[in-house]
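Residue numbers (this note's numbering), protein chains in the order written: chain A, 108 to 359; chain B, 108 to 359; chain C, 108 to 359.
Taking it in order: structure first as structure tokens, then the write-up.
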């Protein structure tokens with residue numbers, strides 16, 4: 108149901124459960140969490156989260172299992188925590204994560220995509236946040252990430268009306284960062300650029316973007332100062348000078 | 108000056124003061140606050156805030172009354188609180204609120220629209236935030252909502268330069284969620300979708316979006332877990348399965 | 108290297124170091140901080156930050172000087188503080204600041220632009236945030252401003268992949284507020300509107316947007332109330348009535 112590839116600098120996790128359009132059951136969420144642990148333990152520099160089921164990114168949590176929660180109150184907290192173990196493991200990764208959305212992305216599938224640093228959507232993407240259609244709620248972590256990505260107004264529209272939107276609309280409102288015909292190719296291109304950059308820089312910048320220890324300003328200042336002392340800076344600066352001598356203009 | 112209709116699931120408040128392009132005087136603001144209380148006491152599932160004055164949404168606070176504040180310092184705090192009573196009653200409603208902006212929307216009219224969860228703008232919309240042109244300030248609650256909607260940069264542009272923008276530009280910068288030729292029809296369509304969804308889910312999601320009790324995480328987790336125990340979940344899930352058996356794909 | 112013009116209501120600071128595409132060395136950063144102090148001491152009502160070097164806004168910090176930091180750990184904190192003295196002086200100005208970006212804007216040049224209230228980009232703009240390409244970090248203040256302007260997702264894309272984007276893309280993601288063929292002319296137009304508005308109103312609104320003393324709500328309420336007591340309000344209201352009598356519709 109979950110395929111993991113950590114062979115190169117660009118790791119990939121693929122959801123493969125075409126019968127449910129990649130809606131994940133308990134086994135799927137646990138396998139996903141395990142795969143993310145596998146990425147953390149690897150030398151990968153960036154992670155792509157994608158689908159091998161045509162027309163689907165992730166249709167959410169398996170409705171058959173959700174149905175069981177109606178009658179079994181004790182099963183609900185473990186179910187919630189199981190999803191959190193998978194979804195929240197993504198922002199905790201030191202390396203960047205990119206979701207490739209080129210098909211159905213519903214309910215918890217949106218929460219999963221929002222756990223990634225970047226979202227790239229293709230022309231087959233259909234995105235909807237659907238708890239209000241089912242009479243349930245949405246985890247607070249995922250509501251916060253949705254509001255953070257699209258603002259209060261669009262979060263209200265998506266959650267209250269549960270409208271289905273396409274990649275163009277998702278890019279317009281900021282739910283995905285890029286919409287393009289070849290979502291996969293574009294995501295691989297970005298991943299390739301990230302993999303060429305300094306792993307240490309990227310890890311520090313990811314922590315800064317997340318506001319990790321935003322209060323510990325002195326540490327960040329020290330970290331900025333220290334960043335000039337690494338061997339990477341010397342090497343990368345030398346490479347830049349060399350490119351510039353070769354006539355290439357543009358940023359470092 | 109203020110018309111209230113709570114006869115169906117979609118309540119409507121209509122501003123009708125064409126002589127001032129719906130600029131509201133004290134009587135208007137108080138009538139608006141009363142109308143919102145009427146909505147809160149009704150069984151409505153969603154509120155549309157619209158205009159029955161062609162070419163106007165709300166041109167702000169009545170300038171004749173504002174002029175009186177120049178000489179009467181004691182009248183200023185009650186004036187400010189009177190506006191707050193109306194504007195801040197909107198986010199406090201449990202049900203979603205949608206502003207339909209298809210005409211002049213100036214000064215406090217923008218603050219009024221920002222009190223709604225969603226804003227839909229039509230081709231006749233002209234929007235400007237104008238205190239700097241009059242040499243006055245703007246209430247902090249409304250500045251915060253403006254910054255929240257459009258970011259620091261666009262808030263600076265709108266407040267410092269007081270430029271008038273149209274619906275396309277308002278949608279581009281996030282001041283309205285949707286711009287379309289038939290703003291009214293689009294707002295009614297969204298309201299209809301919301302009214303079909305679970306009222307309890309929508310109320311919970313509105314509180315979550317607002318960050319109400321963001322610190323009380325355990326309560327939200329409990330609320331998420333509990334949401335699977337409601338009769339609505341069973342019924343709505345059954346309805347979904349039934350639609351799917353009928354060959355309908357797509358989100359719940 | 109830095110030209111200052113405070114002769115009229117629209118002050119201008121021009122970066123002029125074409126040999127480095129306006130990459131600033133220590134002398135440049137210090138001259139920039141001094142120029143901003145000059146603006147603060149002047150009667151200017153708005154500041155344009157622009158370039159007199161064709162094809163460049165600011166290519167960042169001078170790489171020759173950055174290179175020296177690799178070997179000299181003690182030079183790093185003063186270097187960081189020197190940049191902060193210039194960049195952070197911009198949001199501390201009481202008057203609005205507008206960056207005109209119509210050329211290369213890289214690294215610390217982006218941080219400089221983000222210190223301004225507004226950014227207007229022209230067709231020659233090329234923008235990239237490049238620390239990860241050099242193996243260094245980015246100051247926390249500048250990461251926070253970047254996230255504030257474009258959100259976590261686009262900040263991740265810009266910082267991790269260090270892609271170069273143009274003015275259209277920068278406007279789409281909110282990094283600049285306006286993209287247009289004549290960036291300079293558009294910025295001057297906005298500055299002109301700001302200069303016509305109430306200086307006191309604009310200063311108060313800038314403080315409100317910045318969330319200065321967001322906790323001191325009572326002071327802001329008092330300030331809003333007091334704003335009606337100024338002579339500017341009387342004069343500006345009278346001018347508005349006069350325009351309206353002349354048949355002009357529209358916002359104040």
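Each residue gets a CB set at the ideal place from its N, CA and C atoms; glycine is no exception.
- Annotation: the continuous beta strand (DSSP E) that includes residue 211(A) extends over 210-213.
- In this structure, residue 242(C) sits near residue 308(A), with a CB-CB distance shorter than 8 Å.
- Check the Cα spacing between residue 188(A) and each of 328(B), 132(B), 131(B): the tightest is with 328(B).
- Linking residue 223(B) to residue 162(A) through their CA atoms gives a straight-line distance of about 36 Å.
- Measuring C-alpha to C-alpha distances from residue 263(C) to each of 289(A), 310(A), 263(A) identifies 310(A) as the nearest.
- By the Cβ neighbour-count rule, residue 134(B) is exposed, with fewer than 16 other Cβ atoms within 10 Å of its own.
- Under the Cβ distance rule, residue 161(C) does not count among the residues neighbouring chain A, no pair being separated by less than 8 Å.
- Of the residues assessed, residue 324(C) falls on the exposed side of the cut-off, its CB having fewer than 16 other CB atoms within 10 angstroms.
- A straight line joining the alpha-carbon of residue 176(C) with that of residue 182(C) spans about 6 Å.
- When rounded, the separation of the alpha-carbon atoms in residue 301(A) and residue 295(A) is 10 Å.
- Using a CB distance cut-off of 8 Å, residue 244(B) counts as an interface residue toward chain C.
- Distances from the CA of residue 339(B) to each of 143(A), 209(A), 157(A), 178(A) were compared; the closest alpha carbon is that of 178(A).
- When C-beta distances to chain B are compared with 9 Å, the residues of the stretch 264-280 of chain A below that value are 264, 266, 267, 268, 269, 270, 271, 279, 280, in chain order.
- Taking a Cβ-Cβ threshold of 9 Å, none of the residues of chain B is close to residue 164(A); the smallest such distance is about 12 Å.
- Only 180, 183, 184, 187 from the stretch 178-196 of chain B bring a Cβ to less than 7 Å from some Cβ of chain C.
- In the three-state reduction of the DSSP assignment, residue 282(C) falls in the coil class.
- Taking a beta-carbon distance threshold of 8 Å, residue 126(C) does not count as an interface residue toward chain A.
- When 198(A), 343(A), 226(A), 158(A) are compared, the shortest CA-CA separation from residue 305(A) is found for 343(A).
- Remark: three or more beta-carbon pairs, one from each stretch, lie closer than 8 Å, so the stretch 250-263 of chain B and the stretch 277-293 of chain B are flagged as touching.
- Classified as buried, residue 268(A) has 16 or more neighbouring CB atoms from the shown chains inside 10 Å of its CB.
- For secondary structure counted as the alpha helix (DSSP H) over 4 or more consecutive residues, the stretch 258-343 of chain A holds these complete runs in sequence order: 274-280, 290-303, 306-316, 324-334.
- The bridge partners DSSP lists for residue 194(B) come to none.
- Its Cα nearest to that of residue 289(A), the residue 228(A) stands out among 228(A), 198(A), 345(A), 298(A).
- Within its own chain, the residues whose Cβ lies closer than 8 Å to the Cβ of residue 293(C), once the five positions on either side in sequence are excluded, are 227, 285, 287, listed in chain order.
- Of the candidates 125(B), 200(B), 172(B), 160(B), 200(B) places its Cα closest to the Cα of residue 141(B).
- In the DSSP assignment, residue 110(A) is bridged to 121(A).
- With respect to the C-alpha of residue 172(C), the residue from 116(A), 211(A), 237(A), 341(A) having the closest C-alpha is 341(A).
- Between the beta-carbon of residue 336(A) and that of residue 180(C) there is about 6 Å, and that keeps the pair under the 8 Å contact cut.
- At least one CB of chain A lies nearer than 8 Å to the CB of residue 315(B).
- Contact between residue 271(B) and residue 357(C) holds: their C-beta atoms lie close to 7 Å from each other, under 8 Å.
- Annotated three-state conformation of residue 133(B) is helix, per DSSP.
- Listed by position along chain A, the residues whose Cβ is nearer than 9 Å to that of residue 289(B) form an empty set, because the closest Cβ is around 16 Å away.
- Interface flag for residue 250(C) against chain B is unset, since no Cβ pair is found closer than 8 Å.
- In the three-state reduction of the DSSP assignment, residue 168(C) falls in the strand class, which pools E and B.
- For the pair of segments examined, the stretch 116-135 of chain B was found not to touch the stretch 205-221 of chain C: the number of CB pairs separated by less than 8 Å stays below three.
- Note: residue 227(A) is bridge-paired with 207(A), 285(A) in the DSSP secondary-structure output.
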